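Protein chains in written order, with this note's numbering: chain A, 588 to 669; chain B, 2 to 229. Shown next, in structure tokens, is the structure this report addresses.
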């Protein structure tokens, strides 16, 4: 595989962080980031960003929103059964 | 329905199929566990597309009503959660497009390449600086600040963990378009969170990095000139 420049490497960021791609491609990416500080920082911080996002996902449906959903479903069921 | 327990994101798909079968054979109460299990994702996706909780609540209600009425159209070829998410995305997009002031963002306007601008390494443990609540707030603000076509993709793939083919299917786009949007979404998220999560470099480190970058550029020029 020919040597990749920063643009080629950046285009394959998702391949790298998602653990996809051929062994040859991954090797070429690793070879580049081992000698290019900027790409190394971008790859490393993207992985950290994804971890922060996953760890921080405390998203919940508020109880009042949930309760109103069930009320609407009950209404639907009472209408469809009558 | 008295219990509002948290949804199980990794609930086995087989259970969903059995519950759907029960609803279809007349046991409508079997729909309740399906709602409990998936309401979180439906709401999350609706908020991502609509940008506010009020509209997302309406879209969520419409999604479950629609899913209930058309449950016989669900085919076991996909997971129930994917089928439901597709309905949620369609309901939310329909609602968004109906807004009087809605101006769709032409894809071409966002296609310019997003080049990274920040090159300081990040802290390994942001929890050392920020509390969990604070990090949650920073992440939510960054997600909401993404342009919508990136926000949808990012939430489906990186927050909700859909596979690329599932997210592409749900959004009605091809896999290459999905991947290109996801790359941009990730780069934008990285830029937006960088300010808070970068290590503060010392002056010495800054000078060293500038020297390395200049040296690399110089070395590349020399190599190019030498035909290497």
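No residue lacks a Cβ here, since even glycine has one placed at the ideal position from N, Cα and C. Since the structure is predicted, the reported quantities are computational estimates derived from the model, not experimental observations.
Problem set entry | 7 Å CB neighbourhood of residue 133 of chain B in its chain, flanking five on each side removed | What you label residue 133 of chain B is simply residue 132 of the second chain in a count that begins at 1. Within the same chain, residue 133 of chain B has no close Cβ partners at all.
Problem set entry | Simplified DSSP state of residue 199 of chain B, which is helix, strand or coil | In the second chain, counting from the first residue as 1, residue 199 of chain B sits at position 198. If DSSP states are grouped into helix, strand and coil, residue 199 of chain B belongs with the strands.
For this session: Can you give me the Cβ contacts of residue 623 of chain A inside the same chain, cut-off strictly under 6 Å, excluding the 5 residues immediately before and after it?
Result: Locating residue 623 of chain A in the first chain gives position 36, where the first residue counts as 1. Cβ neighbours of residue 623 of chain A within its own chain (closer than 6 Å, five residues either side excluded): none.
For this session: Measure how close the beta-carbons of residue 175 of chain B and residue 168 of chain B come, nearest whole angstrom, since I'm counting them as under 8 Å.
Result: Translated into the one-based positions of the second chain, residue 175 of chain B becomes position 174. Translated into the one-based positions of the second chain, residue 168 of chain B becomes position 167. Incorrect: roughly 11 Å between the Cβ atoms, too far for contact.
Exercise. With a cut-off of 8 Å, does the C-beta of residue 613 of chain A fall near any C-beta of chain B?
Worked result: Numbered from 1 along the first chain, position 26 holds the residue referred to as residue 613 of chain A. So, not an interface residue.
For this session: Check whether the Cβ atoms of residue 46 of chain B and residue 99 of chain B lie closer than 8 Å to each other.
Result: Here residue 46 of chain B corresponds to residue number 45 of the second chain, with the count starting at 1. Here residue 99 of chain B corresponds to residue number 98 of the second chain, with the count starting at 1. Residue 99 of chain B sits away from residue 46 of chain B, with the two beta carbons spaced by 8 Å or more.
Problem set entry | Cβ neighbour criterion (16 or more within 10 Å) applied to residue 86 of chain B | Here residue 86 of chain B refers to the residue found at position 85 when the second chain is read from its first residue. The residue is buried, with at least 16 neighbouring Cβ atoms inside 10 Å.
Exercise. Which residues, taken in chain order from the region 56 to 76 of chain B, show a beta carbon closer than 7 Å to some beta carbon of chain A?
Worked result: Closer than 7 Å at the C-beta level to chain A, one finds these residues of the region 56 to 76 of chain B: 58, 61, 62, 65, 66, 69.
Exercise. At least one CB of chain B closer than 8 Å to the CB of residue 643 of chain A: is that the case?
Worked result: On the first chain, residue 643 of chain A is found 56 positions in, with the first residue counted as 1. Chain B contact via Cβ: present.
Problem set entry | Residue from A:603, A:627, A:661, A:664 whose Cα sits closest to the Cα of residue 117 of chain B | Counted from its first residue, the second chain places residue 117 of chain B at position 116. Checked all of A:603, A:627, A:661, A:664; the closest Cα to residue 117 of chain B is A:627.
Problem set entry | Chain-order list of residues whose beta-carbon lies under 7 Å from that of residue 231 of chain B (same chain, five-residue window excluded) | In the structure as shown, chain B begins at 2 and stops at 229. Residue 231 of chain B is therefore absent and cannot be evaluated.
Problem set entry | Top-ranked residue by Cα proximity to residue 636 of chain A, from B:192, B:150, B:211 | As a working note, residue 636 of chain A is residue 49 in the first chain. Considering only alpha carbons, the answer is B:192.
Problem set entry | Members of the region 119 to 135 of chain B that neighbour chain A once the beta carbon cut-off is set at 9 Å | Going along the region 119 to 135 of chain B in chain order, one finds 119, 120, 121, 122, 123, 124, 125, 127, 128, 133, 134 with a Cβ nearer than 9 Å to chain A.
Problem set entry | residue 658 of chain A versus residue 141 of chain B - alpha carbon distance | Translated into the one-based positions of the first chain, residue 658 of chain A becomes position 71. Translated into the one-based positions of the second chain, residue 141 of chain B becomes position 140. Answer to the nearest angstrom: the Cα atoms are 28 Å apart.
For this session: Can you say whether residue 62 of chain B is buried or exposed, counting buried as having 16 or more other CB atoms within 10 angstroms of its CB?
Result: Here residue 62 of chain B refers to the residue found at position 61 when the second chain is read from its first residue. Its Cβ being crowded by 16 or more others within 10 Å, residue 62 of chain B is buried.
Exercise. Which residues bound the alpha helix (DSSP H) around residue 593 of chain A?
Worked result: Position 6 of the first chain, counted from the first residue, corresponds to residue 593 of chain A. In the DSSP assignment, residue 593 of chain A falls within the unbroken alpha helix (DSSP H) covering 593 to 598.
Problem set entry | Delimiting residues of the alpha helix (DSSP H) encompassing residue 74 of chain B | Along the second chain, read from residue 1 onward, the residue named residue 74 of chain B stands at position 73. Membership of residue 74 of chain B in any alpha helix (DSSP H) is not indicated, and neither H nor E is assigned to it by DSSP.
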